[in-house]
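For reference, the structure is listed below as structure tokens.
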Amino acid sequence: MIFKDPSDLQAAVNAYRAKTCTTRQHIRAALCDMDGTLYDSMSRHAKAWYRMITEQGIACDENEFLMYEGMTGAATIRLLFQRAFGTVPDEARIKELYHLKTLYFSEQPKPDPMPGAQHLVQYFRRMGIRPVLVTGSGQTTLLNRLDADYNNAFAADLRVTAHNVTKGKPDPEPYLKGLEMAQVCASDAIVLENAPLGVESGARAGIFTIAVATGPVPLQALNDAGASIVFSSMPQCDKYFPELLFCLNT
Ligand code: CA
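Residues in the sequence shown are numbered from 34 upward in steps of one, following the working numbering.
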């Protein structure tokens, strides 16, 4: 459901409950994507991918990397090589190529936290909701900055990254892993996402999935991927979240 006015909040909760046969909820964990959700970093990732991939002699478009957002780096590399050459590099070469991409990313100016996201994450904590990081990234540049930018909100044992999942989004595995780490069931968590593949992953894990349009991806694409509710910006999400939480918990 695309958010238009506050009455949509209860309607989105009712639709989620009908779909998942849920009656009562007590939200105790917020499973948060990183790139494009906690950080305004997607254009830098797209640039780094474009540079690395074109250097391999593969024709591509910078914007197409926004569509692969959420996939693991290895999966993106396999996809591009399969398309261009009909074959994929071995694991060692994939590692080298991904390393090169992370290097090109780290050479760019540091991305800022997404406007509104720090405030929202602090609100989660005040309400007893544990923030859990669920990212397909293994990009240490950002992972190392989370503590400083988010005031230690994401505990070290509550982080799903490229290093501890095998399938990556849109598979539900990363969000199921996040639930397991936080020791909560699907109905007692929420997902915060910005990309269609990530939204699909959260929805397939059976979690109330909040999509926030923070880039060029249309609201409708996030809705079609299975979002429980779609906000048009992070400040809008931050503004209405307390009311949404009330609907979820009553
Ligand atoms: Ca993302």
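From the three backbone atoms N, C-alpha and C, an ideal C-beta is built for every residue, glycine too.
Being a predicted model, the structure only gives us computed values, none of them experimental.
Using 10 angstroms around the beta-carbon of residue i, count the other beta-carbons present and answer buried if the total reaches 16, otherwise exposed.
i, result
"residue 54", "exposed"
"residue 249", "exposed"
"residue 120", "exposed"
"residue 184", "exposed"
"residue 90", "exposed"
"residue 275", "exposed"
"residue 283", "exposed"
"residue 181", "exposed"
"residue 153", "buried"
"residue 197", "exposed"
"residue 210", "buried"
Quick check on the DSSP output: the alpha helix (DSSP H) that includes residue i runs from which residue to which?
i, result
"residue 233", "229-237"
"residue 46", "40-53"
"residue 280", "267-282"
"residue 71", "From DSSP, residue 71 is part of no alpha helix (DSSP H); its letter is neither H nor E."
"residue 106", "106-118"
"residue 86", "75-88"
"residue 127", "124-139"
"residue 253", "252-257"
Could you spell out the range, first to last residue, of the beta strand (DSSP E) harbouring residue i?
i, result
"residue 162", "Counting along the chain, residue 162 falls outside any beta strand (DSSP E), and DSSP gives it neither H nor E."
"residue 242", "241-245"
"residue 226", "222-226"
"residue 262", "262-264"
"residue 186", "Neither: residue 186 is in no beta strand (DSSP E) and is coded neither H nor E."
"residue 63", "62-65"
Can you name, in chain order, every residue of its own chain whose Cβ lies under 8 Å from the Cβ of residue i, other than the five neighbours on each side?
i, result
"residue 56", "50"
"residue 212", "62, 64, 218, 219, 222, 238 and 240"
"residue 112", "101 and 104"
Which residue's Cα is closest to the Cα of residue i: the options?
i, options, result
"residue 195", "172, 52 and 219", "172"
"residue 258", "212, 274, 203 and 208", "203"
"residue 80", "187, 89 and 96", "96"
"residue 58", "68, 46, 268 and 69", "46"
"residue 169", "243, 231 and 156", "231"
"residue 92", "116, 234, 267 and 36", "116"
"residue 147", "66, 41 and 276", "66"
"residue 159", "38, 60 and 71", "60"
"residue 178", "41, 229, 35 and 74", "74"
"residue 10", "279, 70 and 144", "Since the displayed the chain opens at 34 and closes at 283, residue 10 lies outside it and no answer follows."
"residue 36", "280, 141, 261 and 279", "261"
"residue 165", "225, 113 and 145", "225"
"residue 102", "233, 271 and 189", "233"
"residue 265", "255, 273 and 245", "245"
"residue 149", "124, 247 and 263", "247"
"residue 133", "34, 175, 142 and 83", "83"
Within the same chain, show all residues whose beta-carbon is closer than 6 Å to that of residue i, passing over the 5 residues directly before and after it, in chain order.
i, result
"residue 163", "62 and 215"
"residue 127", "107 and 110"
"residue 236", "242 and 259"
"residue 277", "42"
"residue 144", "72, 73, 74 and 77"
"residue 205", "234, 237 and 238"
Looking at residue i and ligand 1, is the gap between the Cβ and the nearest heavy atom below 7 Å?
i, result
"residue 195", "no"
"residue 227", "yes"
"residue 283", "no"
"residue 182", "no"
"residue 94", "no"
"residue 70", "yes"
"residue 140", "no"
"residue 66", "yes"
For residue i, I'd like the list of residues in its chain whose CB is within less than 7 Å of its CB, leaving aside the five on either flank, ordered along the chain.
i, result
"residue 78", "68, 98 and 138"
"residue 104", "169, 201, 202 and 230"
"residue 192", "166"
Should residue i be listed as close to ligand 3, given that the test is whether its C-beta is under 7 Å from any heavy atom?
i, result
"residue 97", "This structure lacks ligand 3; its bound ligands are ligand 1."
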